[in-house]
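Worksheet: the structure to be examined is printed underneath.
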């Protein structure tokens, strides 16, 4: 593997089900971590719904995403950022999320993006 | 500058692949290089040899293959996303015991590691989504 390190930010914007975006983003995140590159995840818009526990995905014939999200810790992916405004617009309290997250306002999001070599958006 | 291109939108449903083609041509014209074009999610349909658009519309798989031939581009289709959606090369068709294969010539199936490696090697990764 190359010695070069590039910092990656994955921006999640879509709801957990209804499109493959959440799963696609997660698969890329796990692969980036296998390559031992610095990685941050940002959840914006409807993607904040991905972070809620106790999805009942099997009822709609889907695999449960929250089980996969708990894999993030196992892969040492701990830079999890969440758009504060997206949470409050949807009436979600930070306490509703069991993962260890950092809340960001729009200025914080701008500076997070600015720090990255690559941004992948899903 | 070294670019890599990621396409996640389906051809003909979204503008993603067509825009990525135009962007890639411009990048090359300006003297930059493209390390890899990675087709992910619905973007895998850009690698289907069976696409048969009307004659007065762009044949996206053929256009990619032509650009790749001209500039020695590495066109990689995400294997997990592709086999789910029925885009198979000969090997995968055999593995899953399917009656045919349809990965267009000039494209290869490979894993997500190719996307990450492209990011490590490239100065810019530009995503064309929906």
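Protein chains in written order, with this note's numbering: chain A, 1 to 122; chain B, 123 to 252.
By construction, the Cβ of each residue, glycine as well, lies at the ideal position given by its N, Cα and C atoms.
Predicted model only: the values in this text are computed from it and were never measured.
Taking 7 Å as the CB threshold, residue 63 of chain A stays off the interface with chain B. With fewer than three CB-CB distances shorter than 8 Å, the segment 217 to 232 of chain B does not count as touching the segment 98 to 118 of chain A. Residue 160 of chain B carries a strand assignment under DSSP once its states are collapsed to helix, strand and coil. Nearest neighbour of residue 134 of chain B by Cα position, chosen from B:196, B:182, B:188 and B:160, turns out to be B:182. Note on residue 55 of chain A: 16 or more other CB atoms within 10 angstroms of its CB, so buried under the neighbour-count rule. Here the alpha carbons of residue 115 of chain A and residue 106 of chain A stand approximately 15 Å from one another. In this structure, DSSP gives residue 145 of chain B a helical state, which the three-state scheme calls helix. Three or more pairs of CB atoms, one per stretch, sit closer than 8 Å, so the segment 124 to 134 of chain B contacts the segment 154 to 171 of chain B. Against chain A, a Cβ distance below 8 Å from residue 237 of chain B picks out 28 and 31. Not a single CB atom of chain B sits nearer than 7 Å to the CB of residue 58 of chain A. With respect to the C-alpha of residue 118 of chain A, the residue from A:15, A:28, A:22 and A:17 having the closest C-alpha is A:28. With the criterion set as a beta carbon lying under 7 Å from some beta carbon of chain A, the members of the segment 155 to 185 of chain B are 162 and 163, in sequence order. Per the coordinates, the alpha-carbon of residue 205 of chain B lies some 13 Å from the alpha-carbon of residue 221 of chain B. Residue-level contact by beta carbon holds for residue 234 of chain B and chain A, with a gap shorter than 7 Å.
For the segment 37 to 65 of chain A, there is no continuous alpha helix (DSSP H) assignment of 4+ residues that stays within its boundaries. Listed in chain order, the positions of the segment 207 to 232 of chain B with a beta carbon within less than 9 Å of a beta carbon of chain A would be empty, since no residue qualifies. Per DSSP, the beta bridge partners of residue 133 of chain B are B:136. Spatial neighbours of residue 13 of chain A in its own chain (CB-CB distance under 6 Å, excluding positions within 5 residues in sequence) are listed in chain order as 44, 45 and 47. Taking a C-beta cut-off of 8 Å against chain A, the contacting residues of the segment 130 to 152 of chain B are 130, listed in chain order.
Only exposed fits residue 144 of chain B, as fewer than 16 other CB atoms lie within 10 angstroms of its CB. The DSSP-derived three-state label of residue 243 of chain B is helix. In this structure, the straight-line span from the alpha carbon of residue 76 of chain A to that of residue 69 of chain A is close to 12 Å. One finds 235, 238, 239 and 242 in chain B with Cβ atoms closer than 8 Å to the Cβ of residue 35 of chain A, taken in chain order.
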